[in-house]
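**Student:** Attaching a single structure in structure tokens format; questions to follow.
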Amino acid sequence: MTKDFIMEIEQEAMRFIDEKRKDVKPMISVEALAKEVFPGVPNSRMIIQRIRKPQANGKTRSLSLGEFTRMAMALKISPLEAYGVVLGRMDETKL
53 MTKDFIMEIE
63 QEAMRFIDEK
73 RKDVKPMISV
83 EALAKEVFPG
93 VPNSRMIIQR
103 IRKPQANGKT
113 RSLSLGEFTR
123 MAMALKISPL
133 EAYGVVLGRM
143 DETKL
């Protein structure tokens, strides 16, 4: 598995989290999610922004499995099912 493909998986995982975040009623803001996932971290919303969008160097911040798990749990989604959905969206030949 290449570094580029790992980055694709991370980006798909963040897209999944964003979709689910918007589906929750009432919708959870990025700010609220960030505070729950990164408690006590100043400006935690920027961590999520760096995962979602490329920075000046053209790269996004990596999303760790632990961070993904905490995000899924904050949205009351099974991390196991969430990861399965994300991997199901990926090109199997690259796995």
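When the letters of the sequence shown are read in order and numbered with the numbering used here, they come out as residues 53 to 147.
Cβ atoms here follow ideal geometry from the backbone N, Cα and C, with glycine treated the same way.
If I measure Cβ to Cβ from proline 131 and keep anything under 8 angstroms in the same chain, skipping five residues before and after, which residues do I get?
**Tutor:** Phe120, Thr121, Ala124, Met125
**Student:** How would you write the range of the alpha helix (DSSP H) that methionine 66 sits in, first residue to last?
**Tutor:** 55 to 75
**Student:** Taking a contact to mean a Cβ-Cβ separation below 8 angstroms, would you say leucine 117 touches isoleucine 100 in this structure?
**Tutor:** Against a cut-off of 8 angstroms, the Cβ pair of isoleucine 100 and leucine 117 comes out as no contact.
**Student:** Runs of 3 residues minimum, wholly inside the segment 86 to 116: which ones carry the beta strand (DSSP E) assignment?
**Tutor:** Within the segment 86 to 116, not a single complete beta strand (DSSP E) segment reaches 3 residues in length.
**Student:** For isoleucine 129, which residues in the same chain have their Cβ closer than 7 angstroms to its Cβ, ignoring the five residues on either side in sequence?
**Tutor:** Lys72
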